[in-house]
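Asker: I'd like to ask you about the structure that follows.
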Amino acid sequence: MPRACMVCGRRASPTEGRLCAVCTLRLPWTMFWLSPGDNMMARLFWGRIARFQKAAALFHYRPGTAASHVILRIKYGHSPGTAVLLGLLTARKLLPSGFFDGIDAIIPVPLTAGRRLRRGYNQSERIARGISMGTGIRVARHAVRRIRFTKSQTQLNAWERASNVEHAFRLHKPATLAHSHVLIVDDVVTTGSTITSVAATLAGIEGVRVSVLTVGFTQR
Numbered sequence: 000m001p002r003a004c005m006v007c008g009r010r011a012s013p014t015e016g017r018l019c020a021v022c023t024l025r026l027p028w029t030m031f032w033l034s035p036g037d038n039m040m041a042r043l044f045w046g047r048i049a050r051f052q053k054a055a056a057l058f059h060y061r062p063g064t065a066a067s068h069v070i071l072r073i074k075y076g077h078s079p080g081t082a083v084l085l086g087l088l089t090a091r092k093l094l095p096s097g098f099f100d101g102i103d104a105i106i107p108v109p110l111t112a113g114r115r116l117r118r119g120y121n122q123s124e125r126i127a128r129g130i131s132m133g134t135g136i137r138v139a140r141h142a143v144r145r146i147r148f149t150k151s152q153t154q155l156n157a158w159e160r161a162s163n164v165e166h167a168f169r170l171h172k173p174a175t176l177a178h179s180h181v182l183i184v185d186d187v188v189t190t191g192s193t194i195t196s197v198a199a200t201l202a203g204i205e206g207v208r209v210s211v212l213t214v215g216f217t218q219r
């Protein structure tokens, strides 16, 4: 079957990958990986995440754009394969910058069992799987578990988002991550509340350092 661009859906030429040449030029790349310790996204986590190292996102998330459509597809369109491809694209885009140097494990933001059952998969876990394929870094998919159901963050303000995910996660076998540099992976970051909550759960692990990577970044 002919390959289609994962973003716009157009048929890809034999020389193109899963991202066509037009989308390659038009996607709003953040370029945060060129200054991972000090960029618009990294500043969201300054003072909020213990032993924070760096952060990056692949592209800017803006409603109504092709980039936003691909995010909606992996969240609500039952497209786990696209999520894996986005993770692989992210890995290949960031690898030359050295962003992944020194990272020991990838931790996808977990869903509750009920939400995962309804959706059929965890899109952040599939993104993490693609990043692992491109980097060789292991995915610690059971290291953090979601223990409290939370309502969607979409319509909440910054304070409500933080309150909504407070104490929503629990560690599993934390000793396996002692003195590790872990990379928290999610699909989109807006206020950073969910990722901050995951990082707070990790903070009790001896010597753990935390970095963050998402596909989309919402500029507020």
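All residue numbers for the sequence shown refer to my numbering, where the first residue is 0 and numbers rise by one. C-beta: ideal position from N, C-alpha, C; glycine also. As the structure is a computational prediction, the values presented were derived from the model and not from experiment.
How big is the Cα-Cα spacing for T105 and G16?
Answerer: For the purposes of this step, residue 105 is taken as the residue at position 106 of the sequence shown. For the purposes of this step, residue 16 is taken as the residue at position 17 of the sequence shown. Looking at the sequence itself, residue 105 is Ile, so the reference to Thr does not match. If you take the alpha carbons of I105 and G16, they lie about 25 Å apart.
Asker: Three-state secondary structure (DSSP) at G113?
Answerer: For this step, residue 113 is matched to residue 114 along the sequence shown. The answer is helix: DSSP assigns G113 an H, G or I state.
Asker: Over what stretch of residues does the beta strand (DSSP E) that includes V143 continue unbroken?
Answerer: Within the sequence shown, residue 143 is the residue found at index 144, counting from 1. Element bounds for V143: V143 to R145.
Asker: For Q218, count the other beta carbons within 10 Å of its own beta carbon; 16 or more makes it buried, fewer makes it exposed. Which is it?
Answerer: Your numbering for residue 218 matches position 219 in the sequence shown. Exposed, by the Cβ-count rule.
Asker: Which residues share a DSSP beta bridge with I130?
Answerer: What you label residue 130 is simply residue 131 of the sequence shown in a count that begins at 1. Partner(s): none; I130 has no beta bridge.
Asker: In angstroms with no decimal places, state the Cα-to-Cα distance between V211 and R72.
Answerer: Along the sequence shown, one-based indexing puts residue 211 at 212. Along the sequence shown, one-based indexing puts residue 72 at 73. Going by the C-alpha atoms only, they are around 22 Å apart.
Asker: Need the endpoints of the beta strand (DSSP E) that V214 sits in, please.
Answerer: As a working mapping, residue 214 is identified with position 215 in the sequence shown. Per DSSP, V214 belongs to the beta strand (DSSP E) from R208 to F216.
Asker: Cα-Cα, which of G8, P95 and V143 is closest to V197?
Answerer: Taking the first residue of the sequence shown as position 1, residue 197 is located at position 198. For V197, the nearest C-alpha among the options comes from V143.
Asker: Please report how far the alpha carbon of K150 lies from the alpha carbon of M30, in whole angstroms.
Answerer: Working through the sequence shown from its first residue, we reach residue 150 at position 151. Working through the sequence shown from its first residue, we reach residue 30 at position 31. At K150, the pLDDT of 49 sits below 50, so the modelled position is not reliable; the number obtained from the coordinates is stated separately. Each residue's Cα considered, the two are about 31 Å apart.
Asker: Candidates S12, G135 and I130: which alpha carbon is nearest L88's?
Answerer: The residue you call residue 88 lines up with position 89 of the sequence shown. That would be I130, whose Cα lies nearest to the Cα of L88.
Asker: Classify K172: buried if its beta carbon has 16 or more other beta carbons within 10 angstroms, exposed otherwise.
Answerer: Start at 1 with the first residue of the sequence shown, and residue 172 comes out as number 173. Exposed.
Asker: Measure the C-alpha to C-alpha separation of G203 and A90 and round it to an integer number of angstroms.
Answerer: What you label residue 203 is simply residue 204 of the sequence shown in a count that begins at 1. What you label residue 90 is simply residue 91 of the sequence shown in a count that begins at 1. Near 28 Å, if we compare the C-alpha coordinates of A90 and G203.
Asker: Going by C-alpha to C-alpha distance, which of A112, R117, L176 and D185 sits closest to A127?
Answerer: By 1-based counting over the sequence shown, the position of residue 127 is 128. When each option's Cα is compared against that of A127, the closest is D185.
Asker: Just the Cα atoms here: how many angstroms apart are F98 and A112?
Answerer: Here residue 98 refers to the residue found at position 99 of the sequence shown. Here residue 112 refers to the residue found at position 113 of the sequence shown. Near 31 Å, if we compare the C-alpha coordinates of A112 and F98.
Asker: To the nearest angstrom, how far is the alpha carbon of P107 from that of N38?
Answerer: Walking along the sequence shown from the start, residue 107 turns up at place 108. Walking along the sequence shown from the start, residue 38 turns up at place 39. Approximately 22 Å between the Cα atoms of the pair.
Asker: Output the distance between the C-alpha atoms of L57 and L201, rounded to the nearest integer angstrom.
Answerer: If you number the sequence shown from 1, residue 57 lands on position 58. If you number the sequence shown from 1, residue 201 lands on position 202. Cα to Cα, L57 sits roughly 24 Å from L201.
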